[in-house]
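Have a look at the structure below, then the notes.
There are 2 protein chains.
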Amino acid sequence: MSDFDEKPEQKKRVTAQMVADAAGVSRSAVSRAFTDGAYLDSEKRVRIRQVALELGYQPNALAAGLQGGRSHLVAIFVGNMRSPYDTAFVGHLVGRLNALGKWPILIDGSGAQASTAVEDVLRYPLDAMILRGGSMPEDLVLQCAKIGIPMISSGRPVDIDGVDNVCCRNADGTRSMTEFLIAQGRKKFAYISAPRAYYSSTQRRNGVVQALAQAGRELMAEEDGDFTVDGGFDAGMRLLSNHRPDALICANDATAIGALTAAKEMGWQVPDQIAIVGFDDIDMARWPSFDLTTVMNPIDRSVDAIIELLNRRLETPEKSNEMILVKTELVLRGTH
Amino acid sequence: MSDFDEKPEQKKRVTAQMVADAAGVSRSAVSRAFTDGAYLDSEKRVRIRQVALELGYQPNALAAGLQGGRSHLVAIFVGNMRSPYDTAFVGHLVGRLNALGKWPILIDGSGAQASTAVEDVLRYPLDAMILRGGSMPEDLVLQCAKIGIPMISSGRPVDIDGVDNVCCRNADGTRSMTEFLIAQGRKKFAYISAPRAYYSSTQRRNGVVQALAQAGRELMAEEDGDFTVDGGFDAGMRLLSNHRPDALICANDATAIGALTAAKEMGWQVPDQIAIVGFDDIDMARWPSFDLTTVMNPIDRSVDAIIELLNRRLETPEKSNEMILVKTELVLRGTH
DNA sequence: TTGTATGCGTTATCAT
DNA sequence: ATGATAACGCATACAA
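In order, the protein sequences belong to chains V and S.
When we follow the UniProt record's numbering, the leftmost residue of the first sequence carries the number 1, and every step to the right adds one.
When we follow the UniProt record's numbering, the leftmost residue of the second sequence carries the number 1, and every step to the right adds one.
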């Protein structure tokens with residue numbers, strides 16, 4: 001073997017034609033060797049694959065995608081790449097998509113250039129676009145729908161033709177939690193919210209208010225948070241300086257962790273004097289320093305639902321929109 | 001306008017040819033209208049773009065990528081999509097790549113099917129492959145190098161031709177921290193590690209040991225963690241039951257948070273009786289309940305370095321390998 | 001400045 | 001079972 005053979009210095013990508021030449025077969029044979037269920041002598045298939053391996057050949061997915069089939073590319077528009085819940089969510093989703101042979105292209109929705117980014121990514125013939133939290137500009141959603149790209153929104157229902165939705169039963173979750181706390185003997189309820197723009201916070205608040213109304217009560221106090229620990233801390237400080245509730249329900253776990261820290265710092269006994277609960281059940285909620293009672297917003301099930309809707313939509317592109325509602329569960333730990 | 005016109009039901013993607021027909025120009029004119037710096041009457045360009053917008057035309061990136069230029073696709077192999085540091089890292093990286101017009105395809109390296117996933121993604125003519133933490137099987141790295149895909153590894157140096165590296169000065173970080181604690185008067189040092197397989201934990205331990213040696217000391221105790229809060233909690237419990245160090249250095253922040261929780265639970269006064277410090281400076285480190293003194297492993301600078309190496313490599317594909325070492329910084333909060 | 005013609009690497013169709 | 005050939009949608013060298 002010559003030195004030249006030893007180090008091919010192949011700058012250009014190996015093509016099917018090269019493999020065909022090397023193996024002494026036609027280009028089509030090579031293509032078939034990489035297509036499951038194609039007519040090809042099994043012995044020849046093995047030989048071709050062998051040659052391909054030696055040459056380092058991989059079918060070019062770009063060219064294959066041009067053929068009209070699926071591209072296997074899926075975009076994920078992530079509203080907030082900083083929040084613990086969303087990042088965990090995306091982590092799971094990516095894993096599931098990988099297992100399915102779908103390749104997720106991530107778009108950071110919080111960036112200033114998010115709209116441009118979406119438009120650029122739309123140049124790829126995507127199998128689907130998944131919206132996670134945040135909000136994609138309406139016109140872009142419409143554009144996707146117009147192009148005919150299946151869209152699945154998670155966390156914020158989108159009522160547009162061609163968009164499927166996965167959403168957790170926010171109000172049910174906080175309603176159950178509130179009922180539980182009432183049954184436990186709590187009487188004076190407060191809520192720390194997130195800005196109105198966040199659909200889920202409003203829904204969660206509704207659940208609290210409904211449960212209280214049913215018991216002939218109402219919220220005694222309320223403060224604005226922003227879904228972050230710092231926001232929860234500040235809101236908790238403000239709220240607990242001016243009121244003495246015995247139950248504090250927070251828009252999410254981050255907020256609750258912040259509020260819990262504030263309460264402890266102010267000398268409140270949790271859960272003796274006050275119950276503080278969150279929503280989501282992020283990893284940190286079960287960290288021993290918090291041991292937070294919360295409402296589980298199940299990532300597994302939500303991702304399952306997304307995958308399910310994705311498969312269904314790819315199978316039947318013209319099917320009508322669907323909305324899968326994901327059930328929550330109370331997670332009773334140490335702060336109630 | 002007829003009903004038919006109203007709802008075009010366009011299943012097929014709009015192509016440049018359709019736009020050309022609609023605008024009464026040639027196919028190439030349309031192409032030029034979307035290519036910056038191409039010769040085209042500016043008036044005509046505007047008209048073509050207008051028609052394209054109405055029809056919902058986007059150049060097909062798959063077909064464009066086939067042309068031999070860049071695909072603008074970049075794969076990110078993520079070793080651990082659960083750890084707070086890695087997810088934050090990936091979040092930043094995705095944002096930066098988006099801003100550059102590069103589209104990141106995520107591969108979950110912790111999945112069982114990671115190898116298959118990498119091979120499948122390699123079918124796309126990637127502009128680059130970025131390794132974040134974890135470890136990609138060596139043969140796959142070699143395969144990428146052979147194909148000629150630029151690779152950049154972050155968090156774990158890869159010594160293979162064609163692979164650039166970004167790595168934080170782990171040993172420097174813990175050495176500075178140890179020196180600082182020694183100067184502060186701490187005398188009995190302990191370390192909670194991660195499994196040997198993790199390059200960074202070993203490096204960080206080395207820094208501690210070196211600084212101690214220079215002061216004529218050595219580690220009085222050591223326990224095995226696993227880079228998680230739970231692991232840190234357990235290791236902390238074991239360590240503090242059998243020893244009475246006055247400084248506990250942990251392999252990362254998650255470990256430190258776990259150990260800190262354990263220490264408080266056992267009644268230790270932090271920082272009076274013991275200093276507990278971490279590494280990374282994840283978001284949670286500055287949460288008020290922890291207020292953790294730690295070594296910053298700067299995500300911004302690491303991502304900057306990756307982008308820099310990426311640009312340089314794309315500019316000069318044949319350049320020799322580079323390794324950018326990222327400086328750490330002590331972050332002095334409340335646990336020292 | 002513009003249109004025509006060719007090539008990119010693959011899969012699908014059609015013969016054989 | 002296999003090989004030749006036609007799409008796929010675009011960019012670009014070339015001709016006008």
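We put the beta carbon where it would ideally sit given N, CA and C, even for glycine.
Being a predicted model, the structure only gives us computed values, none of them experimental.
Counting along the chain, the unbroken beta strand (DSSP E) around V:Y191 starts and ends at 189 to 193. Chain order gives the chain V residues near S:Y124 as A61, L62, where near means a beta carbon separation below 7 Å.
Per DSSP, S:P271 has no beta-bridge partner at all.
Shortest Cα-Cα distance from S:I307 to any of S:D253, S:D164, S:E138, S:D226 involves S:D164. In the structure shown, V:F227 adopts coil according to DSSP, grouped into three states. Going by C-alpha positions, V:R312 is about 33 Å away from S:A99. Taking CB atoms only, S:F89 has no neighbour in chain V less than 7 Å away. Within chain S, the residues placing a beta-carbon under 7 Å from that of V:A99 are G111, Q113, ordered along the chain. Measuring C-alpha to C-alpha distances from V:H72 to each of S:Y57, S:G91, S:L122, S:S28 identifies S:L122 as the nearest.
Residues of the stretch 275 to 289 of chain S with a Cβ closer than 8 Å to any Cβ of chain V, in chain order: D283, M284, W287, P288, S289. Taking 4 residues as the shortest admissible run, the stretch 64 to 144 of chain S contains the following complete alpha helix (DSSP H) segments, listed from N- to C-terminal end: 84 to 99, 114 to 121.
Taking C-beta atoms as the reference points, S:S26 and S:A16 fail to come closer than 7 Å.
In the three-state reduction of the DSSP assignment, V:A38 falls in the coil class. In the DSSP assignment, S:E315 falls outside any beta strand (DSSP E) and within the unbroken alpha helix (DSSP H) covering 299 to 315. The stretch 283 to 299 of chain V makes no contact with the stretch 103 to 114 of chain V; the number of CB pairs closer than 8 Å stays below 3.
The alpha helix (DSSP H) runs of length 4 or more contained entirely in the stretch 212 to 268 of chain S are, from start to end of the chain, 229 to 242, 253 to 265. In the structure shown, the three-state DSSP call for S:L292 is coil. Of all residues in the stretch 131 to 154 of chain V, those with a C-beta nearer than 8 Å to a C-beta of chain S are Q143, K146, I147, G148, reading in chain order.
Of the residues assessed, V:Q58 falls on the buried side of the cut-off, its CB having 16 or more other CB atoms within 10 angstroms.
Judged by their CB atoms, S:G278 and S:N252 are nearer to each other than the 7 Å cut-off.
Distances from the CA of S:A75 to each of S:H243, S:S83, S:S153, S:Y39 were compared; the closest alpha carbon is that of S:S153. Judged by pairs of C-beta atoms under 8 Å, the stretch 164 to 176 of chain V does not touch the stretch 141 to 149 of chain V, as fewer than three such pairs exist.
Interface flag for S:M177 against chain V is unset, since no Cβ pair is found closer than 7 Å. For V:A263 against V:V270, the beta-carbon gap comes to about 6 Å, under 8 Å, which counts as contact. Per the coordinates, the alpha-carbon of S:H336 lies some 4 Å from the alpha-carbon of S:A275. V:R175 is positioned such that its CB atom lies no closer than 7 Å to that of V:G225.
Put simply, the backbone Cα of S:T87 is about 39 Å away from that of S:G216. Taking a Cβ-Cβ threshold of 7 Å, the residues of chain V close to S:R82 are G91, in chain order.
With contacts defined as CB atoms closer than 7 Å, S:G155 and S:N80 fail to qualify as a contacting pair.
Closest in alpha carbon position to S:G334, among S:Q273, S:S302, S:K319, S:L314, is S:Q273.
In the DSSP assignment, V:I152 falls outside any alpha helix (DSSP H) and within the unbroken beta strand (DSSP E) covering 151 to 154. Sequence-distant Cβ neighbours of V:S201 in its own chain, meaning closer than 7 Å and more than five residues away, are S193, A194, A251. Short of 7 Å from the beta carbon of S:D230, and not among the five residues preceding or following it, lie these beta carbons of its own chain, in chain order: G258. Contact annotation: S:P104 and V:L106 have beta-carbon atoms nearer than 7 Å. Per DSSP, the unbroken alpha helix (DSSP H) holding V:I182 starts and ends at 170 to 183.
Using a Cβ-Cβ cut-off of 9 Å, S:R13 is close to P125, I147, G148 of chain V, given in chain order.
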